[in-house]
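Visitor: Heads up: the sequence shown begins at 1 in UniProt numbering, then just goes up one per residue. Glycine included, every Cβ here is placed at the ideal spot set by N, Cα and C. I am attaching a structure below and will ask some questions about it afterwards.
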Amino acid sequence: MRSPRLVTDARVPRRTVLRHWHPLPNILNAQTPLSLLPCQTTLTMKSMSQNPQSVLALACQKIACECCGKPRTADRPLKRCKGCSATWFCNKECQIACWPHHKNLSYATIASLSHASKQWAEVHQLALFIIATLLVELRGGGTRAALSSSYSVTFDLGPPRSPAAHDGNPASAFTLAGIEFNDNDQATPGAVAAAQWAPPALALRVAVARRFVLKGTHPDVVGVLPATFYIRDAHLAGQSTIPLLRPHPRARVRARATRGESKRAGGVGGALEFDERTEKALYSLIGLCTGVINTGTVLRIPADAAQAVPDLGRLVRRDSENANAKKGGRCQWRWAPLAPLPQTRDVEKEFFGLREFDPAPVPAAESFEAYHRLWPYHALRVGASRSG
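Below, the structure written as structure tokens:
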């Protein structure tokens, strides 16, 4: 097997470089343990040595602006950093200016970012599920090849598009800044994904796969793909898994019938054969799902099993009087649809402007229909709900 290449066409170019990442409120307890990379401690100590005032502020509660050093007076009230609860700033401008040095100390605990990334992944689980499934088929040679070797997918998380305006919405807490898909046997995934192949993680993944496959939890699940969520600015990586589904049997028959027009060949369970238009539509869907994630929009599996295009919506705050609206938790937010009823739905208008990258995009409806023929949503409803 040839060495898989890095997914360069699935890497998102930044429109704006965001250097300031504000603390994220509304955190939930993580259900999946997340591992701190060794470089986190090194960078934190380096930040302290370069900016000793931050350490001093934590040690003696100095009541002065962390950025400009002006003391608090009756005419100049200071605002406390919500992240570390120990540092003070004159205003938002001083906080932003000092953020590159202060961010490693600002978060109260490493768990804050870990919990936020877990929340974000749960909210966008359908879009991430679609991306991972397509990478396995388009880049990994199909589920059989992916499961017989050590493939993994790494989602590179960046700061929100508008950090200063971030209101704690879990859907917009991060952006998907890049995607890497490679084989640990033939291409080094680096320190970020290396923990996926450590004995504890490998044993856990085998146990998860057995739960799905051997116990017959769901007949469409054939195994699990290692997934890493890497917060680059914080040098924090969370390890998880994404279930892999076998393509619909009738889709495989139709794919093999177009052998003369296909670019790749593969048997049942191996890589599917796509005509050029279908392959282009599936690649276009990766960019479309990335754009949906980065705008804070959330895809949901439709209730109608025959509906090819997922429901599109956003998370909005619940009524404060709602008894289930717990402060600081995800239940403080609810999903609200953006689209009208399906019979009056204008799909292209809904998804207009959501694509991150695609020089020659395929219409959104066509891309989702191509995907739905291969992996119907009634199978995804179980698979996506159990990812992570």
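Would you mind stating whether Ala154 and Glu180 have Cβ atoms separated by less than 7 Å?
Guide: The residue you call residue 154 lines up with position 154 of the sequence shown. The residue you call residue 180 lines up with position 180 of the sequence shown. According to the sequence shown, residue 154 is Thr rather than Ala. Cβ atoms of Thr154 and Glu180: closer than 7 Å.
Visitor: Say whether the stretch 110-129 touches the stretch 220-233, bearing in mind that this needs 3 or more beta-carbon pairs closer than 8 Å, one atom from each stretch.
Guide: The stretch 110-129, when compared against the stretch 220-233, does touch it at the 8 Å Cβ threshold.
Visitor: Exposed or buried, Ser162, counting other C-beta atoms within 10 Å across all chains shown (16 or more means buried)?
Guide: Here residue 162 refers to the residue found at position 162 of the sequence shown. Looking at its Cβ environment, which holds fewer than 16 other Cβ atoms inside 10 Å, Ser162 is exposed.
Visitor: If Val222 and Leu147 are in contact, beta carbons under 8 Å, what's the gap, nearest whole angstrom?
Guide: Sequence index remark: in the sequence shown, residue 222 carries index 222 (1-based). Sequence index remark: in the sequence shown, residue 147 carries index 147 (1-based). Yes, they are in contact, since the Cβ atoms of Val222 and Leu147 sit about 7 Å apart, within 8 Å.
Visitor: Name the residue from Pro310, Glu273, Ala365, Gln239 whose alpha carbon lies nearest to the alpha carbon of His378.
Guide: Position 378 of the sequence shown, counted from the start, is the residue given in the question as residue 378. Among Pro310, Glu273, Ala365, Gln239, the Cα nearest to that of His378 belongs to Pro310.
Visitor: Would you report the Cα separation of Ala303 and Ala365, rounded to the nearest angstrom?
Guide: Sequence index remark: in the sequence shown, residue 303 carries index 303 (1-based). Sequence index remark: in the sequence shown, residue 365 carries index 365 (1-based). Each residue's Cα considered, the two are about 17 Å apart.
Visitor: Rank Leu299, Gln332, Val316, Asp319 by C-alpha distance to the C-alpha of Ile130 and give the top, closest one.
Guide: Residue 130 sits at position 130 when you count from the first residue of the sequence shown. Residue Leu299 is the option with its Cα nearest to Ile130.
Visitor: Less than 8 Å between the CB atoms is what I'm expecting for Trp120 and Pro159, so what's the real figure, rounded?
Guide: Counting from one through the sequence shown, the residue named residue 120 turns up at place 120. Counting from one through the sequence shown, the residue named residue 159 turns up at place 159. With a Cβ gap of about 12 Å, Trp120 and Pro159 do not count as contacting.
Visitor: Mind checking whether Leu374 and Pro247 have CB atoms under 7 Å apart?
Guide: By 1-based counting over the sequence shown, the position of residue 374 is 374. By 1-based counting over the sequence shown, the position of residue 247 is 247. Yes, they are a contact pair.
Visitor: In its own chain, which residues sit with a C-beta less than 8 Å from the C-beta of Val123, not counting the 5 before and 5 after it?
Guide: By 1-based counting over the sequence shown, the position of residue 123 is 123. Excluding positions up to five away in sequence, the list reads Pro170, Ala171, Val298, Leu315, Arg330.
Visitor: Skipping 5 residues on each side, what residues in its chain have a beta carbon closer than 8 Å to that of Cys94?
Guide: Taking the sequence shown and counting its residues from 1, the one referred to as residue 94 is at position 94. Cys65, Glu66, Cys67, Cys68.
Visitor: Looking only at C-alpha atoms, which of Cys81, Phe174, Ala97, Thr87 sits nearest to Ser117?
Guide: Counting from one through the sequence shown, the residue named residue 117 turns up at place 117. When only C-alpha atoms are compared, the closest one is Phe174.
Visitor: Out of Phe351, Leu312, Leu138, state which residue places its alpha-carbon closest to the alpha-carbon of Val336.
Guide: For the purposes of this step, residue 336 is taken as the residue at position 336 of the sequence shown. The sequence shown places Ala at residue 336, not Val. It is Leu312.
Visitor: Can you tell me whether Asn29 is buried or exposed? The criterion is at least 16 other CB atoms within 10 Å of its CB, across all chains shown.
Guide: The residue you call residue 29 lines up with position 29 of the sequence shown. Note that Asn29 has pLDDT 26, beneath the 50 cutoff, so the model's placement of it is unreliable and no number is given.
Visitor: For the candidate residues Cys98, Val362, Ile242, whose alpha-carbon lies nearest to that of Leu288?
Guide: Taking the sequence shown and counting its residues from 1, one reaches residue 288 at position 288. Here the closest residue by C-alpha is Val362.
Visitor: Could you tell me the boundaries of the alpha helix (DSSP H) in which Asn294 lies?
Guide: Residue mapping note: residue 294 aligns to position 294 of the sequence shown, counting from 1. Looking at the DSSP string, the run of the alpha helix (DSSP H) that includes Asn294 is 276-294.
Visitor: Could you give the DSSP three-state label for Cys94: helix, strand or coil?
Guide: In the sequence shown, residue 94 corresponds to position 94, counting from 1. Reduced to three states, the DSSP call for Cys94 is helix.
Visitor: With 16 other CB atoms within 10 Å as the buried threshold, where does Asp156 fall?
Guide: By 1-based counting over the sequence shown, the position of residue 156 is 156. Counting Cβ neighbours within 10 Å, Asp156 comes out buried, since at least 16 surround it.
Visitor: Report the partner residues of Trp99 according to the DSSP bridge assignment.
Guide: Within the sequence shown, numbered from 1, the residue matching residue 99 stands at position 99. DSSP, once it has assigned bridges, lists no residue as partnering Trp99.
Visitor: Cα separation between Ala237 and Ala227?
Guide: Here residue 237 refers to the residue found at position 237 when the sequence shown is read from its first residue. Here residue 227 refers to the residue found at position 227 when the sequence shown is read from its first residue. Spanning the two alpha carbons is a distance of roughly 10 Å.
Visitor: Which class does Leu245 belong to by DSSP, given the choice of helix, strand or coil?
Guide: As a working mapping, residue 245 is identified with position 245 in the sequence shown. It is a strand residue.
Visitor: In angstroms, rounded to a whole number, what distance separates the CA positions of Ala132 and His235?
Guide: By 1-based counting over the sequence shown, the position of residue 132 is 132. By 1-based counting over the sequence shown, the position of residue 235 is 235. The straight-line gap from Cα to Cα measures roughly 22 Å.
Visitor: Suppose you measure from the CA of Glu137 to the CA of Val224; what does that come to, to the nearest Å?
Guide: What you label residue 137 is simply residue 137 of the sequence shown in a count that begins at 1. What you label residue 224 is simply residue 224 of the sequence shown in a count that begins at 1. One C-alpha to the other measures close to 14 Å.
Visitor: Using beta-carbon positions only, say whether Ala370 and Thr290 come within less than 7 Å of one another.
Guide: Position 370 of the sequence shown, counted from the first residue, corresponds to residue 370. Position 290 of the sequence shown, counted from the first residue, corresponds to residue 290. Cβ distance not < 7 Å, so Ala370 and Thr290 don't count as in contact.
Visitor: Just list the beta strand (DSSP E) runs in the stretch 135-165, keeping only unbroken ones of 3 residues or longer that don't cross its boundaries, in chain order.
Guide: Entirely contained in the stretch 135-165, the beta strand (DSSP E) runs reaching 3 residues are, in chain order, 151-158.
Visitor: Find the nearest neighbour of Thr295 within the set Ser284, Ala177, Thr87, judged by alpha-carbon distance.
Guide: Position 295 of the sequence shown, counting from 1, holds the residue named residue 295. Cα-wise, what sits closest to Thr295 is Ala177.
Visitor: For the alpha helix (DSSP H) that Leu299 lies in, which residues bound it at each end?
Guide: Taking the first residue of the sequence shown as 1, we reach residue 299 at position 299. Taken as a continuous stretch (DSSP letters only), Leu299 belongs to no alpha helix (DSSP H), being part of the beta strand (DSSP E) at 298-300.
Visitor: Helix, strand or coil for Lys70? Go by DSSP, reduced to three states.
Guide: Taking the sequence shown and counting its residues from 1, one reaches residue 70 at position 70. Of the three classes helix, strand and coil, the one that applies to Lys70 here is coil, per DSSP.
Visitor: Quick one: is Val292 buried, meaning 16 or more other Cβ sit within 10 Å of its Cβ, or exposed?
Guide: Your numbering for residue 292 matches position 292 in the sequence shown. Val292 comes out buried.
Visitor: Gln239 to Arg72, Cα distance in whole Å?
Guide: The sequence position of residue 239 within the sequence shown is 239, counting from 1. The sequence position of residue 72 within the sequence shown is 72, counting from 1. So the alpha carbons of these two residues sit roughly 44 Å apart.
Visitor: For Val347 and Thr87, I'd like the C-alpha separation in whole angstroms.
Guide: As a position in the sequence shown, residue 347 is number 347, starting the count at 1. As a position in the sequence shown, residue 87 is number 87, starting the count at 1. Straight-line Cα distance between these residues: approximately 48 Å.
Visitor: If you draw a straight line from the C-alpha of His372 to the C-alpha of His166, how long is it?
Guide: Position 372 of the sequence shown holds residue 372. Position 166 of the sequence shown holds residue 166. One C-alpha to the other measures close to 33 Å.
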